[in-house]
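> Heads up: the sequence shown begins at 1 in this note's numbering, then just goes up one per residue. Note that beta-carbon positions come from the ideal geometry of N, C-alpha and C, so glycine has one too. I'd like to ask you about the structure that follows.
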Amino acid sequence: MIKKRLLPICMVITSMVVGCGESKQNDNMNNPLLGFFDTPFNVPPFDKIKDEHFRPAYAEALKLHNLEVDSIVNNEEEPTFQNTILALENAGSMLSQVAGIFGNLNSANKTDSLQAIAADMAPVLSAHRDEIQLNAKLFARVKAVYDQKDALGLDKEDIKLLEETYKGFVRAGANLPKESKEKLKAINSKLSTLTNSFGDNLPAEAKTYELVIEEEKDLAGLPEGVRAAAAATAKEKGKEGKWVFTLSNPSVMPFLQYADNRELRKQIWNAYQLRGNNGGEFDNKKNAIEIANLRLEKAKLLGYPSHAAYVLEESMAENPENVFNLLNKLWGPALAKAKVEEADLQQEIKLAGDTFQVAPYDWRYYAEKVRLKRFALNEEEIRPYFGLTEVREGAFQTAAKLYGLSFVALNNVPVYHEEVEVYEVKDKDGSHLGILYADFFPRDSKRSGAWMTSYRSQYNKDGKRVAPVISIVCNFTKPVGDKPALLTFDEASTLFHEFGHALHGLLSNVKYKSLSGTSVPRDFVELPSQIMENWAADPAVMKTYAKHYETGEAIPDSLIAKMQKAGTFDQGFATVEYLAASLLDMNYHATTTPIKVDAIAFEDAAMHKIGLIDAIIPRYRTTNFQHIFSGGYSSGYYSYIWSEVLDSDAFAAFKEKGLYDQSTASSFRRNILERGGTGNPAEMYRTFRGADPNPVHLMKKRGLN
């Protein structure tokens, strides 16, 4: 997953600070968030940054940005690319710097004070964006340059920046009459508050839940490693001698997969799937409906029939109809496969002498039993070969073989948490490419999931490349006692996935920050990440990094063969729960009329319409669907499967010519990874592949053909 930047206008770094009074000026000069970072590679000085620095830093950065914009608006010279478009691109760098650091810390290392600042700043930043993008005089200058774009002698990247800048103003409402602009500002302000609240509610509520087990008999079925992790969690929480399971994925998912106690599985499952749906201060039902309706109101104000139509105009899919066509085409085969899988689980229940119908909290448990019988494959048999260190090195080695990159661990760089790792990334000629942060383990201060983000995006300044500072943040199984962190294969794939996003940011080589790295349509941004998962699963690659944590022996061919044989096992379930969530997203955002029912009633109706079976629920339910209600993926959750069509086809090119074929890797780097948002994604892909993607590779990969 990509965490989008917080500001729509991305700017170059400046050390200029404007003060107001001597005392305040001195305070600002001492604020580590403002100005030049005198650190190795100019990374953020996390060792000096305190929560109390953010409010004054925001105030100063907002003031500076306003002055920069005013200087553009009031420029008496005729509008040009340099004095208007480029000036806008270069304005607001201090605000981007402050907001970028704040947003990332508030996701990965949240505190109560940061959460309070986020709530206060959401409407302020929304109003600030609107004041710029709805400024009539500023838009007039932008339009004047745009109207003469063909006569300016601009290169392709200049033209792309000009087009995106102009389009950004139009899509933000610059052409609206004054009264509509005021209405739009109110909608944007309310949305900023609601989406921030939706996201904050989930980790806040999750922290209140613990499944505390006091008797060892209730651990029946759980592997020793899972028990040890629960005991360690209990000790951390002051409950030594007991076992504590939380709602973090490395805790709840193994419990659902292995615990024999059906009642306890049901308890933790309900806590997990009902996040944000328990009433009280953290409930998200009203938030979700209000967000969806406000987005619709905004879309109609801007001239679109739905929020999805507004969003998808900028995507490869282009419109809601194309998204529905893809999802519905996959839904039938996936649901049919899931029903066969459900029957297999029901048979397993019958063989155990039980008569109950398979429920969602039974699926993973009985699927594991079927997998063991059918393929003699136990997840715990795999885990010892996927130590975190080895998997991380496997991802690094893959990038080395494909692109000649090297990763050098750094110990002299400030970090925001002691668990964070830092690497200097070098190109094949030894030149500096960028900095990579890696934050792997769950904690109460971190939101769930996995994502890539940036503290500094790549761009050119004075003809020289300014290197990016990229971060990947995950929630993987932690080390316990003498055992290192041992990952599931799904977690290993997630590491490769987020590392693929990181490569997209690190290898970016464009002129303008707002076009760099992952600044591409949502349904294209997952291509660089998902293609890396193919290397994670390839037997030849796996042999190089999957090493037993005790013996150092490579994963045996017999175990790889079992994994491959079971490769499409349970893919009906995995595809259905994902597609159900994607269709739920589209139902919320493709509607052309306001939603007038409760969120759960709306969700139930949407799932009934597609015939979702009772044994499976959407991967995310409405009240915990952070991707679409606070994570930037509204009308875009389908993008993972859209991109999977691309990544399956793209990896086929490597399989045809060789896993590390240098001409293919060079073409992928040159035409996809380096180009950021400087071109049309479909054209970029065709340049790489020589043709449009063939969906047959996806169908085969998921066992749906």
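For the alpha helix (DSSP H) containing G434, name the first residue and the last one.
Where G434 is concerned, there is no enclosing alpha helix (DSSP H), although the beta strand (DSSP E) it sits in stretches over 432 to 439.
> Where DSSP assigns a beta bridge to S406, which residues make up the other side?
Note: S406 sits in a beta bridge opposite K426.
> Helix, strand or coil for R392, going by three-state DSSP, please let me know.
The answer is helix: DSSP assigns R392 an H, G or I state.
> Taking 7 angstroms as the threshold (C-beta atoms), are S529 and S516 in contact?
In this structure, S529 does not lie closer than 7 angstroms to S516 by Cβ.
> Quick check: the Cα distance between T233 and R443, rounded to an integer number of angstroms?
Distance between the alpha carbons of T233 and R443 is about 11 angstroms.
> Tell me the DSSP bridge mates of N460?
N460 is bridged to R465.
> Would you report the Cα separation of H697 and F489, rounded to the nearest angstrom?
Whole-angstrom Cα-Cα distance: 21 angstroms.
> Measure the beta-carbon distance from V480 to A228 and round it to whole angstroms, keeping in mind my assumption that it falls under 8 angstroms.
Right, the Cβ-Cβ distance comes to about 5 angstroms (below 8 angstroms), so this counts as a contact.
> Assuming V323 is part of the beta strand (DSSP E), what are its boundary residues?
Taken as a continuous stretch (DSSP letters only), V323 belongs to no beta strand (DSSP E), being part of the alpha helix (DSSP H) at 320 to 351.
> Could you work out which residue in L95, L335, D614 is closest to Q571 when comparing CA atoms only?
When each option's Cα is compared against that of Q571, the closest is L335.
> For D47 and L326, I'd like the C-alpha separation in whole angstroms.
Taking the straight line joining both Cα atoms gives about 48 angstroms.
> Between which two residues does the beta strand (DSSP E) carrying I213 extend?
Per DSSP, I213 belongs to the beta strand (DSSP E) from 211 to 213.
> Going by other Cβ atoms of all chains shown within 10 Å of its Cβ, with 16 needed for buried, is R265 buried or exposed?
Looking at its Cβ environment, which holds 16 or more other Cβ atoms inside 10 Å, R265 is buried.
> Quick one: is N196 buried, meaning 16 or more other Cβ sit within 10 Å of its Cβ, or exposed?
With 16 or more other Cβ atoms within 10 Å, it is buried.
> Measure from the alpha carbon of F496 to the alpha carbon of each residue in G221, V597, Y146, N534, then state which is nearest.
With distances taken between Cα atoms, F496 lies closest to N534.
> Across the segment 354 to 363 and the segment 588 to 607, are there enough close Cβ pairs to call them in contact, namely three or more that are closer than 8 angstroms?
The segment 354 to 363, when compared against the segment 588 to 607, does not touch it at the 8 angstroms Cβ threshold.
> Let me check one thing: in DSSP terms, what residues is I600 bridge-paired to?
For I600, which the question treats as bridged, DSSP gives no partner whatsoever.
> Quick one: grab the DSSP three-state call for I472.
Reduced to three states, the DSSP call for I472 is strand.
> In terms of alpha-carbon separation, which member of Y166, A99, E297 lies closest to S180?
The option with the nearest alpha carbon to S180 is E297.
> Who does R370 pair with in a DSSP beta bridge?
The residue you asked about is not Arg; residue 370 is Val in the sequence shown. DSSP, once it has assigned bridges, lists no residue as partnering V370.
> Do three or more CB pairs link the segment 89 to 99 to the segment 65 to 73 at distances below 8 angstroms?
Yes, the segment 89 to 99 is in contact with the segment 65 to 73.
> So, for E603: in the same chain, excluding its five sequence neighbours on each side, which residues have a beta-carbon less than 7 angstroms away from its beta-carbon?
So the qualifying residues of the chain are L584, R621, T622.
> Do I2 and H501 count as a contact pair if the criterion is CB distance below 7 angstroms?
The answer is yes: Cβ separation under 7 angstroms.
> For a minimum of 4 consecutive residues, which ranges assigned as the alpha helix (DSSP H) are wholly contained in the segment 199 to 281?
Listed in chain order, the complete alpha helix (DSSP H) runs (minimum 4 residues) inside the segment 199 to 281 are 224 to 236, 249 to 258, 262 to 273.
> Count the CB pairs spanning the segment 541 to 558 and the segment 389 to 409 that are closer than 8 angstroms, and state whether there are at least three.
Because the criterion of three Cβ pairs below 8 angstroms is met, the segment 541 to 558 and the segment 389 to 409 touch.
> Can you list, in chain order, the residues of its chain with a C-beta nearer than 6 angstroms to that of E182? Leave out the 5 residues immediately preceding and following it.
Nothing meets the Cβ criterion.
> Of the residues A108, L402, P40, which one's Cα is nearest the Cα of A665?
Nearest C-alpha to A665: L402.
> Excluding the 5 residues flanking A87 on each side, which residues of the same chain have their C-beta closer than 6 angstroms to its C-beta?
Only I72 meet the Cβ criterion.
> What residues in its chain sit with their C-beta under 6 angstroms from that of S23, if we drop five residues either side in the sequence?
In this prediction, S23 scores a pLDDT of 44, lower than 50, which makes its location untrustworthy; no coordinate-derived value is stated.
> In the DSSP assignment, find the unbroken alpha helix (DSSP H) run with N90 in it and report its ends.
Its alpha helix (DSSP H) spans residues 87 to 90.
> Tell me the DSSP secondary structure of F499 in three-state form.
It is helical.
> With H, G and I counted as helix, E and B as strand and the rest as coil, what does DSSP make of K483?
Looking at K483 - three-state DSSP - the assignment turns out to be strand.
> How many Å lie between L176 and Q662 at the Cα?
Taking the straight line joining both Cα atoms gives about 51 angstroms.
> Per DSSP, K701 forms a beta bridge with which residues?
Bridge partners of K701: none, in fact.
> To the nearest angstrom, how far is it from the Cα of A338 to the Cα of Q564?
If I take the Cα positions, the gap works out to 19 angstroms.
> Just to confirm, are E577 and I613 a CB contact at a threshold of 7 angstroms?
Not in contact: E577 and I613 (Cβ atoms no closer than 7 angstroms).
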